[in-house]
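Contents: one structure, followed by commentary.
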Amino acid sequence: MSQKLVIVESPAKAKTIKKYLGAGYTVEASMGHIRDLPKSQLGVNVEDNFEPKYITIRGKGDLLAKLRKEAKKADKVYLATDPDREGEAISFHLAQILKLNPEENIRIEFNEITKDAVKKSIKNARPINQKVFDAQQARRVVDRLVGYEISPILWRNVKWGLSAGRVQSVALKLICDREKEIEQFVSKEYWSIESELLKGKKTIRTKLTQYKNKKVEIETEKEAKKIEKDLKSGSFVVSSIKKSTKLKNPLAPFITSTLQQEASKRLNYQTRRTMSIAQKLYEGMEVKGHGSVGLITYMRTDSTRVSDEAQAAAKEFIETNFGKDYYPTTPRVYKGKKNAQDAHEAIRPSNVHLTPEQVKDSLKSEEYKLYKLIWERFVASQMASCKLNTISLEVLNGDYKFRASGSSVAFDGFMKLYDYQSEEEEENTAIPELDENEVLHSKEIKLNQHFTQPPARYTEASFVKTLEELGIGRPSTYAPTISTLLNRLYVERDKKSLLPTDLGKIVNDLMSSYFKDIVDVEFTADMESRLDLIEEGKETWKEVVGSFYTPLKKDIDHAESSVSKITIEDEVSDEICDKCGKHFVIKNGRFGKFLACSGYPDCKNTKAIVEKLDVKCPLCHEGDVLQRKSRKGKKFFGCSRYPECNYVSWYEPVKETCPQCNGLLYKKYSKKDGTYLACEAEGCGYKKKVEKANEED
10 MSQKLVIVES PAKAKTIKKY LGAGYTVEAS MGHIRDLPKS QLGVNVEDNF EPKYITIRGK
70 GDLLAKLRKE AKKADKVYLA TDPDREGEAI SFHLAQILKL NPEENIRIEF NEITKDAVKK
130 SIKNARPINQ KVFDAQQARR VVDRLVGYEI SPILWRNVKW GLSAGRVQSV ALKLICDREK
190 EIEQFVSKEY WSIESELLKG KKTIRTKLTQ YKNKKVEIET EKEAKKIEKD LKSGSFVVSS
250 IKKSTKLKNP LAPFITSTLQ QEASKRLNYQ TRRTMSIAQK LYEGMEVKGH GSVGLITYMR
310 TDSTRVSDEA QAAAKEFIET NFGKDYYPTT PRVYKGKKNA QDAHEAIRPS NVHLTPEQVK
370 DSLKSEEYKL YKLIWERFVA SQMASCKLNT ISLEVLNGDY KFRASGSSVA FDGFMKLYDY
430 QSEEEEENTA IPELDENEVL HSKEIKLNQH FTQPPARYTE ASFVKTLEEL GIGRPSTYAP
490 TISTLLNRLY VERDKKSLLP TDLGKIVNDL MSSYFKDIVD VEFTADMESR LDLIEEGKET
550 WKEVVGSFYT PLKKDIDHAE SSVSKITIED EVSDEICDKC GKHFVIKNGR FGKFLACSGY
610 PDCKNTKAIV EKLDVKCPLC HEGDVLQRKS RKGKKFFGCS RYPECNYVSW YEPVKETCPQ
670 CNGLLYKKYS KKDGTYLACE AEGCGYKKKV EKANEED
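Listed below in structure tokens is the structure:
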């Protein structure tokens, strides 16, 4: 019997695929890339037309020996790495190392790990796509040139261990520019006016929008008071009532960026966590009654396309479970972005009939929540529109026009499964039956003072959206870019917001002064477009790299001779080192800020920055409870008398005691209940909702 070898990237993927292929197939994992540019040197011969020098990644020798052995035994070898540029590059290098002919049909790919998709890919094996590999190679070489030639300038002049990057540096500039906008923002006062009108006992909330058919702009309280006086002397008369039916359409199924944004908003997941969970769902999970199953399609995509088979399965599921009224007259097709690759499908469940509830007991909580989000978004995207009965009301008081709008659901459609609020939707107001020219009694006129607000800091969700809109990076780079900025301590999180550190601002100023192209949004987006042209065969990779490197080299040479040494002063704290008597300074580490002795290197004493709570230790009743951070940066609470007292808790204790049993209360959080206090005593079960004003963001 002939033996075939299939090489994938991960053991989880290998396990799932082996189940589908069965006897006659051996499935092995390459564990990601097996060759790359060397870490210890540039690895690109600039003098020889940018020829890269690839070496075997350290620690992969035994794995390669095993793959070579299995390849020799096999009658046929298939390379089934991920269906993107990185996957094509891994297959290219595997073919070279295993001495396979890249022009033979050895490359297979699938967007979902299902039995049909895997077996179909074997039948449709193809040669390795040299153009796709060239696009990846161009990106790798360009990124290496930027990182390895600019970073040393930062090491010598700012701080050892810093880095520059083609995508990372422009991303940092966006965050720094937003911070400058906030710092330079001058707030302006303005006012709005609402009128609460009565129809019998029902209240209608209306907003002043126009004066003499022009938009109302009220800048001072004096102006607002003058309008209030005019309104009180006049009458509120219904001038227009418009009723109509409006269709609200479902959103497209997820692509990488929208999945990251929605997981952040709905599940509070960081981008890195979202992609890590999605990778597991794609590669295969053990599901009771089904074995190892790939639950979703490939999660790095910018395409909203859905296969005919998936649409047919969705139609069957919707009509069976919701009724024929819930399926549109024709299958839904979503228009993709202008520069979308469209090589993959949208992110969707591999088997729509495998509902979230069916897999819930087999998945961890975070895996179940993300699968449920993906499943519901996809099914909803194929459902009928929601029909809304809308009413728009205009009320005149002299030359002042007030408006209100309301809506009610006539047919829920896709909203039976997946609701969303669009940015265009106005505040919904309950509007009773009214007649034109009807006079309404004024219950209250409200004058509201406001101040213009600066632009909001980026959250991970809004930052990913911005990167996508500007064409910076690709689906596979959004999460790693944010992680790099955080790990390099260029950016820090303040609750959900991303803000630049002092170090980040210094690096950005240097990059903006000496490497304008690298931090230019249009330049970076153009490079992404040129990588796409390489993949399409319209440009050669060495020409693209050459046209990029020529101006870069001039900037590097100028910076080498011009950049001055920048000294970063540490913030001095009030605390004194208990070993040498000098002041501690505040340092930034991988897991946040900490105290280090200013006498370093003579004194290497360090100390965690702790926050004391107004709560006595519940174990020894002598020490204070301190908020600390674990080695991995996770917040926990412990006694100030440690190690004499070993009290520790992941939850924050509060001063208030349980009214039922006088036990200790802890502050906890859940998506369902928000922040609440819960009693620690076994069998008590006391819970109390924490009001939003006191709730931590």
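FYI, in this note's numbering the residues of the sequence shown are 10 to 706.
Cβ coordinates follow ideal geometry from the N, Cα and C atoms, glycine included.
Entirely enclosed beta strand (DSSP E) segments - the segment 376–422, minimum 3 residues: 395–406, 409–420
Inter-residue spacing [alpha-carbon to alpha-carbon] between D91 and E18: Within the sequence shown, the letter at position 82 stands for residue 91. Within the sequence shown, the letter at position 9 stands for residue 18. Answer to the nearest angstrom: the Cα atoms are 7 Å apart.
Anticipated Cβ contact below 8 Å, N166 with K563, distance rounded: Start at 1 with the first residue of the sequence shown, and residue 166 comes out as number 157. Start at 1 with the first residue of the sequence shown, and residue 563 comes out as number 554. With 8 Å as the limit, N166 and K563 do not qualify as a contact, their Cβ atoms being about 18 Å apart.
Residues of its chain near E113, where Cβ-Cβ distance is below 8 Å and the 5 sequence neighbours each way are ignored: Translated into the one-based positions of the sequence shown, residue 113 becomes position 104. If we look at E113 and ignore the five residues flanking it on each side, its Cβ neighbours are P136.
Start and end residues, alpha helix (DSSP H) containing Y87: Locating residue 87 in the sequence shown gives position 78, where the first residue counts as 1. No alpha helix (DSSP H) holds Y87; the beta strand (DSSP E) holding it covers 85–88.
Cα-Cα separation, C648 to W659: In the sequence shown, the residue the question calls residue 648 occupies position 639. In the sequence shown, the residue the question calls residue 659 occupies position 650. Distance between the alpha carbons of C648 and W659 is about 12 Å.
Cβ shell of V572 (< 7 Å), same chain only, five flanking positions each side left out: Here residue 572 refers to the residue found at position 563 when the sequence shown is read from its first residue. I162, N166, L519, Y523, listed in sequence order.
Beta-carbon gap between V528 and S538 smaller than 8 Å: The sequence position of residue 528 within the sequence shown is 519, counting from 1. The sequence position of residue 538 within the sequence shown is 529, counting from 1. Not closer than 8 Å, so no.
First and last residue of the uninterrupted beta strand (DSSP E) at K697: Counting from one through the sequence shown, the residue named residue 697 turns up at place 688. It spans 696–698 - the beta strand (DSSP E) in which K697 sits, taken as one unbroken run.
Chain-order list of residues whose beta-carbon lies under 7 Å from that of Y220 (same chain, five-residue window excluded): In the sequence shown, counting from the first residue as 1, residue 220 sits at position 211. Closer than 7 Å at the Cβ level, and outside the excluded window around Y220, lie D408, Y409.
Residue range of the unbroken alpha helix (DSSP H) whose run includes R214: Locating residue 214 in the sequence shown gives position 205, where the first residue counts as 1. Element bounds for R214: not the alpha helix (DSSP H) but the beta strand (DSSP E), 211–220.
Proximity below 8 Å, CB of P484 to CB of S301: Locating residue 484 in the sequence shown gives position 475, counting from the first residue. Locating residue 301 in the sequence shown gives position 292, counting from the first residue. It is not a contact, given that the beta carbons lie outside the stated cut-off.
Stretch pair the segment 451–470 + the segment 499–508: three plus CB contacts closer than 8 Å: yes
Beta-carbon proximity of Y307 to Y291, cut-off 8 Å: Here residue 307 is taken as the residue at index 298 of the sequence shown, counted from 1. Here residue 291 is taken as the residue at index 282 of the sequence shown, counted from 1. Cβ atoms of Y307 and Y291: closer than 8 Å.
Range of the contiguous beta strand (DSSP E) that encloses N597: Here the question's residue 597 lines up with position 588 in the sequence shown. First-last of the beta strand (DSSP E) with N597: 592–598.
Cβ pair count under 8 Å reaching 3, the segment 82–89 against the segment 108–125: yes
Coil, strand or helix - I191 by DSSP: The residue labelled residue 191 in the question sits at position 182 within the sequence shown. I191: helix per DSSP, three-state reduction.
Beta-carbon proximity list for L565, same chain, < 6 Å, skipping 5 on both sides: As a position in the sequence shown, residue 565 is number 556, starting the count at 1. It is Ile, not Leu, that sits at residue 565 in the sequence shown. Here the set comprises E158.
Bridge-paired residues (DSSP) for L14: For this step, residue 14 is matched to residue 5 along the sequence shown. Its beta-bridge partners are T35, V86.
D143: first and last residue of the uninterrupted alpha helix (DSSP H) it sits in: Sequence index remark: in the sequence shown, residue 143 carries index 134 (1-based). It spans 139–166 - the alpha helix (DSSP H) in which D143 sits, taken as one unbroken run.
Whether L30 touches A80 by CB criterion (8 Å): Against the sequence shown, residue 30 aligns to sequence position 21. Against the sequence shown, residue 80 aligns to sequence position 71. No, the pair does not count as a contact, with Cβ atoms beyond the cut-off.
Where L372 falls, given that 16 or more other Cβ within 10 Å makes a residue buried: Residue 372 sits at position 363 when you count from the first residue of the sequence shown. So L372 ends up on the buried side.
Enclosing beta strand (DSSP E) for G174 [first to last residue]: Taking the first residue of the sequence shown as position 1, residue 174 is located at position 165. Run containing G174: none; DSSP gives neither H nor E here.
Beta-carbon gap between E226 and Q458 smaller than 8 Å: Position 217 of the sequence shown, counting from 1, holds the residue named residue 226. Position 449 of the sequence shown, counting from 1, holds the residue named residue 458. The answer is no: Cβ separation not under 8 Å.
E375 to A322 span [Cα, whole Å]: Looking up residue 375 in the sequence shown gives position 366. Looking up residue 322 in the sequence shown gives position 313. The alpha-carbon atoms of E375 and A322 are separated by roughly 26 Å.
L714, DSSP secondary structure in three states: Examination of residue 714 is not possible in this model, given that the chain is present from 10 through 706 alone.
Spatially closest choice to K24 from R148, K231, G303, by CA coordinates: For the purposes of this step, residue 24 is identified with residue 15 of the sequence shown, where counting begins at 1. Nearest of R148, K231, G303 to K24, Cα basis: G303.
Inter-stretch contact at 8 Å, needing at least 3 Cβ pairs: the segment 321–341 / the segment 389–406: yes
Check whether K474 and L256 have beta carbons under 8 Å apart: Taking the first residue of the sequence shown as 1, we reach residue 474 at position 465. Taking the first residue of the sequence shown as 1, we reach residue 256 at position 247. Going by C-beta atoms, K474 is not nearer than 8 Å to L256.
Limits of the alpha helix (DSSP H) - the one that N517 falls within: As a first step, residue 517 must be located in the sequence shown, where it is residue number 508. Run containing N517: 511–523, per the alpha helix (DSSP H) assignment.
Contact check, I752 vs R94, beta carbons under 8 Å: Nothing about residue 752 can be reported from this structure: the residues present for the chain run from 10 to 706 only.
Where N457 falls: helix, strand or coil (DSSP): Reading the sequence shown from its first residue, position 448 is the one you call residue 457. It is a strand residue.
CB of V388 within 8 Å of CB of I327, strictly: On the sequence shown, residue 388 is found 379 positions in, with the first residue counted as 1. On the sequence shown, residue 327 is found 318 positions in, with the first residue counted as 1. Closer than 8 Å, so yes.
Rounded straight-line distance, which links the Cα of C185 to that of K514: By one-based count along the sequence shown, residue 514 stands at place 505. By one-based count along the sequence shown, residue 185 stands at place 176. When rounded, the distance between both Cα atoms is 6 Å.
Best match in P259, S11, L51 for proximity to Y343 [C-alpha to C-alpha]: Start at 1 with the first residue of the sequence shown, and residue 343 comes out as number 334. That would be P259, whose Cα lies nearest to the Cα of Y343.
Nearest residue (CA-CA) to Y499, options W200, P441, T310, G598: Indexing the sequence shown from 1 puts residue 499 at position 490. Minimum Cα distance to Y499 is reached at G598.
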